[in-house]
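Student:
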């Protein structure tokens, strides 16, 4: 018996020690993070602001998600608004002599690249240089770097300049082969979010909208690249179609780059530009370090313009990453009641999601607008539910490349009757009413259920169009004609009246300032970034861990398709969701 109690006591002591060590470990992490945030770097004279491969541009604080205990992680997430402010400050900062773009592949969306590119163009007006260097350069990195005074390529490198393309994976034959049934109800012939599950080829409507969208985006981006590189548009088309960027010598011959140099030779080139001696060290400053050097608490606490970020898919319930209605509504109410917040800029970067959650958010935004100005800025995506929640705005700004609109709704319900029957399973329902068993994962949806879901989709579409008609001051017929689930570029959205102006997030903030008639104001961001302590425990969630494992295994794009069928959050009634996402690779 003594031995038993000794073992129990020893185990208890071991557990206490382990718990104490783990707690101390957490405290050290949080303290270290806090201390590092308080230290302001000193920027030296003759510094070069550098955008390198470690920099990730994000649109919202909710996207700033690190991996649990990833101590070796060197990538730095920077808000696009902070990046643009840094470039603007550097333009007039005597310590910053130029900017070096040194990224082969940059994680950023269409609109973010456009904004940074425009900021670099403005920076060059100061007379300071912008140089760019690449090894094996992605199309997005080249689109950004082509704005430089000189683009330098590694002699063994290459540029992946090929134009835009998209490929849609269709799974109807797969579902039929393995006995998976999918009940689909939608409004809008362009609402192709569910098309991969109902067809084995691309519909003419989807091909039309994709072709128009890709050509709109590529036409604008290719014109900017050709103009910056001083290449005739016809010749640039030949260069792209011939894939000349793949070969360094052809890149040089056809003016895609200015010189072929090794990285150390490129650094020496910058030193020569700065008139540094051989023994002098080249001082490169990351954007993260530069931003931290001047970041301080807002000077004006009374006149604040809040930027409320709506980034990601829209869901019911609670959560941090993406847009969860319960959390988002709390932030909206907080901003509405805060007397120091004089205006709100809603930054939308969302492909949509739950119709119910979108409607709840829209209602609270309408209540907020009764108290203070509400200006909307569109990022990469403002489609379906993402466009829906913008209908409370006093004014809507869109970027030229924003994927806008997708005014349509759908419902999708998978069931597994055939595959179950083939493997010896049969589900026999016992009910009290005609539609008690309206949905069964084996037997699917009853005819009565299909009828009511169809009515629900149609009613939701009419409600969607109603709010658009009120905000855009157009008739139901006018909106229905450009709706139907179709996605437009921001440029076309402006032409057909879905947005008010083409402009950046900063343009939206400037307009909000004019609405409240103040020149001296500060900007505050919402939702607030979660603490390191919260981040650790958030990442311990088993569903979060499983999702990361699956996503790493099958890839982000395939995971989105997998998620549409398996994620309970995406089975919550009628959906307002964009049919696809597009990236510049």
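Numbering (the numbering used here), first residue to last: 3 to 587. Virtual Cβ for every residue (Gly too), placed ideally from N, Cα, C.
(1) Is the distance from the Cβ of residue 165 to the Cβ of residue 139 below 9 Å?
(2) Out of 398, 173, 244, which one is the CA nearest neighbour of residue 161?
(3) For residue 508, which of 522, 87, 47, 62 has the nearest alpha-carbon?
(4) When DSSP labels each residue in this structure, what does residue 414 get in the three-state scheme?
(5) For the pair the region 436 to 443 and the region 414 to 424, tell me if three or more CB-CB distances fall below 8 Å.
(6) What are the boundary residues of the beta strand (DSSP E) that residue 179 is part of?
(7) Does the distance from the C-beta atom of residue 170 to that of residue 198 stay below 9 Å?
(8) Measuring only between beta-carbons, confirm whether residue 267 sits less than 9 Å from chain B.
(9) I believe residue 187 touches residue 466 by the beta-carbon criterion, under 8 Å. Please report the beta-carbon distance rounded to the nearest angstrom.
(10) Determine, using beta-carbon pairs with one atom in the region 429 to 437 and one in the region 398 to 407, whether at least three such pairs fall under 8 Å.
(11) Please specify which runs of the beta strand (DSSP E), each continuous and at least 3 residues long, are wholly inside the region 49 to 129, giving them in chain order.
(12) Identify which residue in 311, 220, 270 has its Cα closest to the Cα of residue 141.
(13) Quick one: is residue 18 buried, meaning 16 or more other Cβ sit within 10 Å of its Cβ, or exposed?
(14) Let me know the secondary structure DSSP gives residue 300 once reduced to three states.
(15) Can you give me the start and stop residues for the alpha helix (DSSP H) that residue 379 sits inside?
(16) Assuming residue 287 contacts residue 82 under a Cβ cut-off of 8 Å, what Cβ separation, rounded to an integer in Å, is found between them?
(17) DSSP three-state label for residue 157, please.
(18) When the Cα of residue 154 is compared with those of 261, 181, 115, 120, which residue comes out closest?
(19) Counting beta carbon pairs with one atom in the region 488 to 505 and one in the region 263 to 272, are three or more of them shorter than 8 Å?
(20) With DSSP collapsed to three states, give me the class of residue 18.
(21) Tell me residue 306's beta-bridge partners as DSSP assigns them.
(22) Quick check: what's the CA-CA separation for residue 235 versus residue 228?
(23) With H, G and I counted as helix, E and B as strand and the rest as coil, what does DSSP make of residue 488?
(24) Since residue 132 and residue 100 are thought to touch, with beta carbons under 8 Å apart, how far apart are those beta carbons, to the nearest angstrom?
(25) DSSP three-state call for residue 390: helix, strand or coil?
(26) Would residue 134 and residue 107 qualify as a contact pair, given that the criterion is a beta-carbon distance under 9 Å?
(27) Out of curiosity, what's the CA-to-CA distance linking residue 396 and residue 292?
(28) For residue 186, list the residues DSSP reports as bridge partners.
(29) Report the residue ranges of all beta strand (DSSP E) runs contained in full by the region 234 to 312; include only those spanning at least 3 residues, in chain order.
(30) Since residue 311 contacts residue 527 with CB under 8 Å, what's their CB separation in whole angstroms?
(31) Would you say the beta carbon of residue 479 is closer than 8 Å to some non-hydrogen atom of the ligand SAM?
(32) Have a look at residue 364 and residue 521 and give me their C-alpha separation to the nearest angstrom.
(33) At what residue ranges does the region 393 to 450 contain a whole run of the alpha helix (DSSP H), taking only runs of 4 or more?
(34) Would you mind stating whether residue 378 and residue 357 have Cβ atoms separated by less than 9 Å?
(35) Check this for me: beta carbons of residue 370 and residue 385, under 9 Å apart or not?
(36) So, helix, strand or coil for residue 166, using DSSP?
Tutor: By the coordinates alone:
(1) no
(2) 244
(3) 87
(4) strand
(5) yes
(6) Where residue 179 is concerned, there is no enclosing beta strand (DSSP E), although the alpha helix (DSSP H) it sits in stretches over 174 to 179.
(7) yes
(8) Structure shown: chain B not included; a single protein chain is present.
(9) Contact annotation, residue 187 with residue 466: C-beta distance approximately 15 Å; criterion of less than 8 Å not satisfied.
(10) With the cut-off at 8 Å, the region 429 to 437 and the region 398 to 407 do not touch.
(11) 49 to 54, 57 to 60, 78 to 81, 98 to 104
(12) 220
(13) exposed
(14) In this prediction, residue 300 has a pLDDT of 48, which is less than 50 and means its spatial position is unreliable; what the coordinates show is noted afterwards. Residue 300: coil per DSSP, three-state reduction.
(15) It is not in any alpha helix (DSSP H) - residue 379 instead sits in the beta strand (DSSP E) that spans 376 to 385.
(16) Actually they do not touch by this definition, with Cβ atoms about 19 Å apart.
(17) strand
(18) Of the listed residues, the one whose Cα sits closest to residue 154 is 261.
(19) no
(20) helix
(21) 343, 524
(22) Taking the straight line joining both Cα atoms gives about 6 Å.
(23) coil
(24) Cβ atoms of residue 132 and residue 100 come within 8 Å of each other, at about 7 Å.
(25) For residue 390, the three-state secondary structure derived from DSSP is helix.
(26) Note that the C-beta distance between residue 134 and residue 107 is not below 9 Å.
(27) 35 Å
(28) 414
(29) Taking 3 residues as the shortest admissible run, the region 234 to 312 contains the following complete beta strand (DSSP E) segments, listed from N- to C-terminal end: 285 to 288.
(30) 7 Å
(31) This structure simply doesn't include the ligand SAM, nor any ligand for that matter.
(32) 29 Å
(33) The qualifying runs are 419 to 424.
(34) no
(35) no
(36) Three-state DSSP puts residue 166 in coil, outside helix and strand.
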